[in-house]
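In terms of my numbering, the sequence shown opens at residue 1 and continues consecutively.
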Amino acid sequence: MTNQRIFIFDTTLRDGEQVPGCKLNTEQKVEVARELERLGVDVIEGGFPVSSPGDFKSVREISLAVSNPIICGLSRAVENDIKVAADALKYARHPRIHTGIGTSDIHIKYKLRTTREKIIERAIAAVKYAKSFVEDVEFYAEDAGRTDNEFLAKVLEAAILAGATVLNIPDTTGYCLPQEYGDKIKYLKENVKGIHKAILSTHCHNDLGLATANSIAGIQYGATQIECTINGIGERAGNTSLEEVVMIMRQQESLNFETNINTKLLNHVSRLVSEKMSVPVQPNKAIVGANAFAHSSGIHQDGVIKKRETYEIINPADVGVDNSAIILTARSGRAALAYKSKQVGFDLTKDELDIIYQDFLVLADQKKEVNEMDLTKLLETNLVQGLRA
Ligand code: KIV
Ligand code: ZN
Numbered sequence: 001m002t003n004q005r006i007f008i009f010d011t012t013l014r015d016g017e018q019v020p021g022c023k024l025n026t027e028q029k030v031e032v033a034r035e036l037e038r039l040g041v042d043v044i045e046g047g048f049p050v051s052s053p054g055d056f057k058s059v060r061e062i063s064l065a066v067s068n069p070i071i072c073g074l075s076r077a078v079e080n081d082i083k084v085a086a087d088a089l090k091y092a093r094h095p096r097i098h099t100g101i102g103t104s105d106i107h108i109k110y111k112l113r114t115t116r117e118k119i120i121e122r123a124i125a126a127v128k129y130a131k132s133f134v135e136d137v138e139f140y141a142e143d144a145g146r147t148d149n150e151f152l153a154k155v156l157e158a159a160i161l162a163g164a165t166v167l168n169i170p171d172t173t174g175y176c177l178p179q180e181y182g183d184k185i186k187y188l189k190e191n192v193k194g195i196h197k198a199i200l201s202t203h204c205h206n207d208l209g210l211a212t213a214n215s216i217a218g219i220q221y222g223a224t225q226i227e228c229t230i231n232g233i234g235e236r237a238g239n240t241s242l243e244e245v246v247m248i249m250r251q252q253e254s255l256n257f258e259t260n261i262n263t264k265l266l267n268h269v270s271r272l273v274s275e276k277m278s279v280p281v282q283p284n285k286a287i288v289g290a291n292a293f294a295h296s297s298g299i300h301q302d303g304v305i306k307k308r309e310t311y312e313i314i315n316p317a318d319v320g321v322d323n324s325a326i327i328l329t330a331r332s333g334r335a336a337l338a339y340k341s342k343q344v345g346f347d348l349t350k351d352e353l354d355i356i357y358q359d360f361l362v363l364a365d366q367k368k369e370v371n372e373m374d375l376t377k378l379l380e381t382n383l384v385q386g387l388r389a
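Listed below in structure tokens is the structure:
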């Protein structure tokens, strides 16, 4: 069975950048965009051009600096937004305008203060207008996660007829359960006329911690594009994390999906984004967290030293991390102590290990972590001056 290719739409520079306090300037955005291109993403959403002169400039500069991925600019279903987005994308080799409108009853009634009929009219007008500038137009149905499926199907059908090439189904509020989101995609595949003409895209937020699970459910039921961000950054609890969905597809071969991502660059790009945006990565973050390949309990360390795969399902080298880390703590056993001692230049005999281990535990109880300097000092004190004297 051949794998289904999944397109990776990176929105780090648009939805990701909506994190309070982590706005990037044009130069920084271009630097990140260049690394996203090297990473192999299919689409870079560079910004929301009408929102500020800075965002306009960033989308324009990214369009000039990056040539392989599609460059996308966001707009509301408003003529001026679309016109400005088209202008910002003027120099892009592969431009895409991303336009759309809220479709859930709560958005229609309270935010847009309009009717379902008018939403369909505005969707059609926006897509048609965007089409007058570029061939590739993505339509988003904001809050699709909470939109009635029958109405959503009608809106999407109209967007396809108007010329949309990609249909984005955002779970804007991160509300859906994975099965519910998967069923929504399935329903759309089965009920929207002309759906085969467009790419169906997931866009999941992480308010309940389900963004990754929902995106995977989406592709299992027929979506072929995932919208995501590096480190999962984004509004409120963030977006789907790029590194997570990519590694799920890579590690779970039975899913039969593939992407164009060079996974060996994941750690590098994660650090770059974290540093540029001044948003630290939580240590236990899957794939790119500092502890993702660190082992501190004796039982795990013993296993990993004997065979890495006993406690690791990913080879750290595959995501650009040099090595698994053995962290010496009061939970470490003799195997880890011997292993780390050898790394700092002391090949201990069994008797030496037995003696040193007792002193090591006393030290480890005092300190959270025994680092290489502490260990070297402990070994020198005991062996060079003591045991071996
Ligand atoms: O979450 C969302 O609905 C969005 C759209 C603007 C695509 O980010
Ligand atoms: Zn979003």
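Idealized CB from N, CA, C, for every residue including glycine. Computed from a predicted model, the values in this text were never measured in an experiment.
So does residue i have its beta carbon nearer than 7 Å to some heavy atom of ligand 1?
| i | result |
| --- | --- |
| Glu-142 | yes |
| His-205 | yes |
| Gly-100 | yes |
| Asn-191 | no |
| Asn-214 | no |
| Leu-74 | yes |
| Asp-15 | yes |
| Asn-168 | yes |
On the three-state DSSP scale, how would you describe residue i?
| i | result |
| --- | --- |
| Ala-126 | helix |
| Gln-358 | helix |
| Glu-227 | strand |
| Asp-10 | strand |
| Ile-233 | coil |
| Glu-275 | helix |
| Thr-114 | coil |
| Phe-56 | helix |
| Asn-239 | strand |
| Arg-38 | helix |
| Ser-63 | helix |
| Gly-21 | coil |
Below 6 Å CB to CB, which residues in the same chain sit around residue i once its five sequence neighbours on both sides are set aside?
| i | result |
| --- | --- |
| Asn-391 | No answer is possible for residue 391: the residues shown for the chain start at 1 and end at 389. |
| Ala-33 | Ile-44, Ile-62 and Val-66 |
| Thr-202 | Ser-215, Gly-218, Ala-223 and Ile-226 |
| Ala-389 | In this predicted model, Ala-389 has a pLDDT of only 46, less than 50, meaning its place in the structure is not dependable enough to derive any value. |
| Met-247 | Ile-287 |
What I want to know is whether the C-beta of residue i ends up closer than 7 Å to one or more non-hydrogen atoms of ligand 2.
| i | result |
| --- | --- |
| Glu-61 | no |
| Asn-239 | yes |
| Asp-10 | no |
| Glu-31 | no |
| Thr-172 | yes |
| Glu-235 | yes |
| Asp-318 | no |
Which residues in the same chain as residue i place their Cβ atom closer than 7 Å to its Cβ, once the five residues preceding and following it in sequence are excluded?
| i | result |
| --- | --- |
| Leu-39 | Ile-261, Asn-262, Leu-265 and Val-269 |
| Gly-163 | Val-127, Lys-128, Lys-131 and Val-137 |
Near residue i, what residues of its chain come up, given a Cβ to Cβ distance below 8 Å and the 5 sequence neighbours on each side ignored?
| i | result |
| --- | --- |
| Ile-327 | Ala-294, His-295, Ser-296 and Glu-369 |
| Gly-194 | Glu-157, Ile-160 and Leu-161 |
| Pro-178 | Leu-210, Ala-213, Asn-214, Ile-216 and Ala-217 |
| Asn-371 | Leu-328 |
| Asn-239 | Thr-11, Asp-15, Gly-16, His-203, Cys-204, His-205, Asn-206, Ala-211, Glu-227, Cys-228, Thr-229, Gly-232 and Ile-233 |
Measuring from the CB of residue i, is there a heavy atom of ligand 3 at a distance below 7 Å?
| i | result |
| --- | --- |
| Glu-45 | What this structure holds is ligand 1 and ligand 2, not ligand 3. |
Enumerated in chain order, which unbroken segments of the beta strand (DSSP E) with a length of 3 residues or greater are wholly contained in the stretch 133-196?
137-142 and 166-171
Counting only runs of 4+ residues fully inside the stretch 331-376, write out the alpha helix (DSSP H) ranges in chain order.
334-343 and 350-366
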